[in-house]
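Each residue of the sequence shown is one higher than the one before, counting from 49 in our numbering.
Using N, Cα and C, we set each Cβ at its ideal position, and we do this for glycine too.
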Amino acid sequence: MIPLKDDIPSYSPPLVTVVLIAVNCLIYLFLLSTGRGYDLALVKWGAIPYEITHGVELTPELSFFSPLSLFSSMFLHGGFFHLAGNMLYLWIFGDNVEDQLGHLKFFIFYILCGLAASLLHIMTTPNSQVPMVGASGAIAGVLGAYMIRFPRARILTLIFFGFFIRIVAVPALFVLGFWFILQLLYALPSIGSTSGGVAWFAHVGGFLAGIALFKLFSALSRKRDYYYE
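Structure below.
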């Protein structure tokens with residue numbers, strides 16, 4: 049399932065969402081223009097669990113304060129489709145969560161979700177020497193917040209049935225709940241892994257952090273009511 053758009057209007061410009069998308073895209077394009085520097089940047093600024101859990105530098109020639117990689121890794125991507133998928137989800141769901149929390153609280157919320165996502169990945173793969181990069185964990189937090197705030201929102205979704213493709217409106221609770229269950233099912237076998245691949249537990253950690261933080265932050269943010277037919 050690929051979400052395309054939702055039916056919830058936002059009442060203020062999604063400034064932070066747009067800036068986050070722009071920054072992620074600009075960083076990707078800049079690093080891409082450096083050629084070999086792209087791969088070096090992923091190693092230098094990606095979050096490597098082994099470095100953080102053991103307090104060592106695996107690549108002294110690319111020295112970087114490893115705890116800061118928990119932040120920098122959120123703005124790096126492994127390729128075009130990795131970036132495009134993340135930015136699509138952020139564009140669809142970010143504006144409404146930002147509308148609920150306000151610009152500053154949304155930015156703080158986004159960063160905290162990303163950090164929580166990285167920490168859970170590191171806790172479950174402490175010996176991995178593979179850099180973790182991507183905004184997926186932070187965006188998973190946005191999805192968690194959206195699901196509990198707008199469970200009945202209709203998400204226009206591209207669904208594949210073998211060779212047949214349909215676009216249908218599906219409740220957010222189903223789309224995002226199904227997404228989370230898939231992440232959890234894929235995550236469990238990856239505990240302790242030292243190989244590369246998708247950081248499933250980052251998605252799980254970000255999603256759960258998003259639910260918890262949204263409940264906390266929403267008490268300090270403006271609230272709007274929506275009506276559904």
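Look at the alpha carbon of Glu277 and the alpha carbon of Asp55, and state the distance between them as a whole number of angstroms.
Taking the first residue of the sequence shown as position 1, residue 277 is located at position 229. Taking the first residue of the sequence shown as position 1, residue 55 is located at position 7. Here the model assigns Glu277 a pLDDT of 42, short of 50, so the residue's position is not dependable, and the following value carries that caveat. Cα to Cα, the separation comes out at about 12 Å.
Assigned secondary structure, Ile207 (DSSP; H/G/I helix, E/B strand, else coil):
The residue given as residue 207 occupies position 159 in the sequence shown. In the structure shown, Ile207 sits in a strand (DSSP, three-state: E or B).
Go ahead and label Thr242 buried or exposed: buried means 16 or more other beta carbons lie within 10 angstroms of its beta carbon, across all protein chains shown.
Along the sequence shown, one-based indexing puts residue 242 at 194. Burial call: exposed.
Quick check: the Cα distance between Lys53 and Ala267, rounded to an integer number of angstroms?
Mapped onto the sequence shown, residue 53 falls at position 5. Mapped onto the sequence shown, residue 267 falls at position 219. In a straight line, the C-alpha of Lys53 is about 27 Å away from that of Ala267.
Return the CA-CA distance between Phe119 and Ser184, expressed in angstroms with no decimal places.
Residue 119 sits at position 71 when you count from the first residue of the sequence shown. Residue 184 sits at position 136 when you count from the first residue of the sequence shown. One C-alpha to the other measures close to 13 Å.
Based on Cα-Cα distance, which residue from Phe123, Val181, Tyr158 lies nearest to Pro97?
Reading the sequence shown from its first residue, position 49 is the one you call residue 97. Among Phe123, Val181, Tyr158, the Cα nearest to that of Pro97 is on Val181.
With DSSP collapsed to three states, give me the class of Lys53.
Position 5 of the sequence shown, counted from the first residue, corresponds to residue 53. Three-state DSSP puts Lys53 in a strand.
Residue-level contact to chain D via CB, Ala188, 8 Å cutoff
Chain labels in this structure do not include chain D; a single protein chain is all it has.
Considering only residues of the same chain and omitting the five flanking positions on each side of Ala164, which have a CB-CB separation below 6 Å?
Here residue 164 refers to the residue found at position 116 when the sequence shown is read from its first residue. Excluding residues within five positions, the ones whose Cβ falls inside 6 Å are Gly253, Ala257.
Can you find the residues in the same chain that come closer than 6 Å, C-beta to C-beta, to Met122, ignoring five residues on each side of it along the sequence?
One-based indexing of the sequence shown puts residue 122 at position 74. If we look at Met122 and ignore the five residues flanking it on each side, its Cβ neighbours are Gly162, Ala183, Ala186.
Can you name, in chain order, every residue of its own chain whose Cβ lies under 6 Å from the Cβ of Ala193, other than the five neighbours on each side?
As a first step, residue 193 is located in the sequence shown; it is residue number 145 there, counting from the start. The residues are Val145, Gly258, Phe262.
I'd like the span of the beta strand (DSSP E) that includes Pro219, first residue to last.
As a first step, residue 219 is located in the sequence shown; it is residue number 171 there, counting from the start. 212-219 is the span of the beta strand (DSSP E), which, as asked, contains Pro219.
So, for Asn175: in the same chain, excluding its five sequence neighbours on each side, which residues have a beta-carbon less than 6 Å away from its beta-carbon?
Walking along the sequence shown from the start, residue 175 turns up at place 127. So the qualifying residues of the chain are Tyr98, Thr242.
DSSP three-state assignment for Ala267, whether helix, strand or coil:
As a first step, residue 267 is located in the sequence shown; it is residue number 219 there, counting from the start. Ala267 falls in the coil class under three-state DSSP.
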